[in-house]
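Structure record follows, encoded as structure tokens.
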Amino acid sequence: MSQTIIQTGTINDIPVNVLPTDIKQYVKTGDDLVIRLNNGDSIRVEGFYNPAVDGQEHFIIMADGTRVQRVTGEGETEPEAGGLTADQLIPLGIAGLGAGLIASNGGGGGSRTDPTDGTDPTDGTDPTD
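Be aware that the sequence shown starts at 1468, since it is given in the numbering used here, and climbs by one per residue.
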């Protein structure tokens, strides 16, 4: 069991190299946030509850891009849905739905290849193709 220490410094978004499913619980200890992982390791984010230089609060950015807001209250809290609260799940669900629709439509980009397309991409514009 090891502990990684991250100092927030002046940045608002604090990257951590874990996925939401790796998190067992969050612990608020004074101005620090301790993220306890399922494997027994932990990550201490020093000064997480102190505002950044610009006055904004800090956020945790997971390895998959998930943005996690601060944990409220002293002591241990169990993460919901792999570290996400219901308020965080709704925008992620909407974003996932949008990404799924884009993927199912081929993204709308011009690089889509249709194996039944009889036109030759190296040929100029020929109305008989």
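From the three backbone atoms N, C-alpha and C, an ideal C-beta is built for every residue, glycine too.
At a Cβ-Cβ threshold of 7 Å, I1473 and I1527 do not count as neighbours. The region 1475-1515 contains, as complete beta strand (DSSP E) runs of 3+ residues, the segments 1480-1482, 1490-1496, 1499-1504, 1509-1513 (chain order). Ranked by Cα distance from S1509, the options Q1523, N1484, E1524, T1533 are led by N1484. V1535 sits buried, since 16 or more C-beta atoms from the chains shown fall within 10 Å of its C-beta. Within its own chain, the residues whose Cβ lies closer than 6 Å to the Cβ of N1517, once the five positions on either side in sequence are excluded, are D1498, listed in chain order.
In this structure, the alpha-carbon of I1478 lies about 24 Å from that of D1489. Within 10 angstroms of the beta-carbon of V1512 lie 16 or more other beta-carbons, which makes it buried.
Between I1502 and M1468, the alpha-carbon positions lie close to 13 Å from each other. If you ignore the 5 residues before and after T1471, its C-beta comes within less than 6 Å of the C-beta of I1510, all in its own chain and listed in chain order. The beta carbon of L1500 lies closer than 6 Å to those of V1512, F1515 in the same chain, with the five residues before and after it left out. Straight across, the Cα-Cα distance linking E1524 with K1495 is about 15 Å.
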